[in-house]
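Numbering (the numbering used here), first residue to last: 1021 to 1510.
Data block below; observations after.
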Amino acid sequence: MKYFIYARKSTDEDDRQVLSIEGQLTELREFAVKEKLEVIEEFIESKTAKVPGRPIFNKMIEKIELGGHLDNIGILAWHPDRLARNSVDGGKIIYLVDEAKIGTLKFPTFWFDSTPQGKFMLNIAFGQSKYYIDNLSENIKRGIRQKLRRGELPGLAPVGYLNELRHHTIVKDPERWKAVRALFEAYATGDSTLENLQKLSLSLGLVSRRTNDALVLSRIEGMLQNPFYYGVITRKGEAYQGSHEPIISKQLFDKVQRVIEQRSKPQKAKDNNSFAFCGIFSCGECGRAITAEKKIKKSGRTYIYYRCTKKNRVCTQKYVEERELVKQLNELFQKVALSDDWKEKFMKQWEQDYKEASTVASSSAGEIKMELKALEGKQIRLLDAYLEQAITNEEYTETKKKILNRKIEIKENLKESGGRGLRWLELFKEWILSAHQAINYVDSGNLEEKRSFLQKIGSNFHIIGQKAAVELGFPWAAASEKSRFTVWSG
């Protein structure tokens, strides 16, 4: 009788303790010499046997099924689980033995002969291999679920984190986590594209560890949408509270998602991109957009004129030259700017208010903790309802996600200021510092900076009678009339 040698090893967890292919071949060849078996061909494969479809195995079976001069061939393998770990391939081997297409099977580690008893033992061996695979798969899934419940991420850590092998946890990468946060902060402004973030990440040294190249755009996009960075792990639609330290706040993550959502909407093409004030001003008479055009005089001097597009309407408005428009905006910036004296007065009062608000915030922190406790109770009741099949899996997953996100928001509020009471004071301090810097925009020759600051302090921009009209927001409107301030005048 002639024999085929079949050797197989995969990278699966269950195959780690198995002899290497080279080791199997050495043992099988020595076994063949010892038992005086004639080997006519060797089939070597690095493929899992969990599922049918191994090409080398199928090639061997096809040769056996074709028969011819290979009738009643034998197979030599290290163990039955090298031939099959699934019921389809195992059944095929046994069927070919029944049909006498396979004369015998020989294994250095397992006894077999072509008798009812031998076939029964082979069936058990294949069944054990299948059971082992199924049980291992279920154990792995159970282990993953348990890790998720503990707030641990199964698998590789995202960019900005490291897998800490000693304790099997995920920790912040001391060399990269700040760069990751910088990407989120830059994108949240709405002024950066994915391409900008790619350049920023490269400048910060945030590159692919494998290739040392810049992060690809799809990976950066995935990072921006990964809730892991604010402390939540998602798996198959379900959210889990992570035990790792967040890199960003949920508030920053939500800002980024709003920018992504806004950019996913169809955008109208912008005209006059080379002119600083196009796209924000409209005509105060007819409401049409303001356009701009460049004129070069015989003297060689360049002028830029802003005017109403006057599309389909009669409009009497005249153009205004850019230098005149800039002059008017500079006057507005001077009005809202805080001098050193005014800044000092505001900051003195701010410090007093901050101390008082801190006292109030400490008491409100107790209320926040009560709400947090109520949410935890709600989460327990939700799980009970799910286990009693009172709600569907979809309802459970969606509600759990909402509760988890609300808990994170509350914890962030508690961590940042001890409550919402201090938030308005933080914003007010930002305004004081921003208004104190407003005078810098008067002196700046950068028209894009002027445009950005203009959009920051007001809205509803019009040009009428060759004059810029701006609706100032609070507290910029009050700052433009500083003579009315009396509270801190003493």
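The beta-carbon is built from N, C-alpha and C at its ideal position, and this holds for glycine as well.
Non-local C-beta neighbours of P1072 in its own chain, meaning closer than 8 Å and more than five positions away in sequence, comprise N1106, V1108 and D1109, ordered along the chain. Approximately 17 Å separates the beta-carbon atoms of R1471 and A1357; this is outside 8 Å, ruling out the contact. Annotation for I1076: no beta strand (DSSP E) segment contains it, though the alpha helix (DSSP H) segment containing it runs P1075 to L1086.
Runs of the beta strand (DSSP E) spanning 3 or more residues and lying entirely within the stretch 1427-1498 occur at 1478-1484 and 1487-1492, in chain order. Per DSSP, the beta bridge partners of A1309 are S1302.
The beta carbon of Y1406 sits closer than 7 Å to the beta carbons of Y1416 from its chain, once the five residues preceding and following it are set aside; these are given in chain order.
In this structure, the alpha-carbon of V1117 lies about 7 Å from that of T1124. Our two residues, S1066 and I1268, have alpha carbons roughly 43 Å apart in a direct line.
Between the alpha carbons of E1408 and R1401 lies a gap of roughly 11 Å. Under the three-state reduction of DSSP, N1425 is assigned to helix.
Taking 9 Å as the cut-off, the Cβ atoms of H1482 and S1284 do not count as close. If you look at A1208, you'll find it isn't in any beta strand (DSSP E); it sits in the alpha helix (DSSP H) that goes W1197 to A1208. Of all alpha-carbon atoms in L1424, S1454, G1304 and N1480, the one lying nearest the alpha-carbon of M1367 is that of S1454. Distance between E1119 and R1170, taken at the CA atoms: about 53 Å. The Cβ atoms of F1024 and L1096 sit closer than 9 Å to each other. Straight across, the Cα-Cα distance linking H1099 with K1431 is about 56 Å. Apart from the 5 residues on each side of it in sequence, N1350 sits with its Cβ closer than 7 Å to the Cβ of V1462 in its chain, given in chain order.
By the criterion of a C-beta distance shorter than 8 Å, L1173 is surrounded in its chain by K1167, I1190, F1248, I1253, G1262 and H1264, once the five residues flanking it on both sides are discounted. Counting only runs that start and end inside the stretch 1370-1415, there is no beta strand (DSSP E) element of at least 3 residues.
With 16 or more other CB atoms across the displayed protein chains lying within 10 angstroms of its CB, L1345 is buried. Following the DSSP letters along the chain, one finds L1182 in no alpha helix (DSSP H) but inside the beta strand (DSSP E) bounded by residues Y1181 to E1184. The Cβ atoms of A1499 and K1363 lie no closer than 9 Å to each other. With a beta-carbon spacing of about 16 Å, N1092 and I1114 fall beyond the 8 Å limit used to define contacts. Between E1342 and I1324, the gap from beta carbon to beta carbon is short of 9 Å. In this structure, the alpha-carbon of F1146 lies about 52 Å from that of A1199. With a beta-carbon spacing of about 5 Å, I1076 and F1063 fall inside the 8 Å limit used to define contacts. V1334 and L1244 have their C-alpha atoms spaced approximately 48 Å apart.
The beta carbons of K1317 and R1327 sit no closer together than 9 Å. Residue state for G1147 is assigned as helix, using DSSP reduced to three classes. Excluding five sequence positions before and after E1047, the CB atoms of its chain that fall closer than 8 Å to its own CB belong to L1039, W1098 and P1128, given in chain order. Just measuring C-alpha positions, the residue of K1056, K1029 and K1054 sitting nearest R1074 is K1029.
DSSP places V1252 inside the beta strand (DSSP E), whose first and last residues are V1252 to R1255. Within the DSSP bridge table, the entry for I1240 names no partner. Around R1201, the same chain offers I1267 and I1268 as residues with beta carbons nearer than 6 Å, after the five sequence neighbours per side are excluded. Scanning its chain for C-beta atoms nearer than 8 Å, with the 5 sequence neighbours on each side dropped, one finds around E1313 the residues I1324, Y1325 and R1327, in chain order. One Cα belongs to K1315, the other to K1330, and the distance between them is close to 19 Å.
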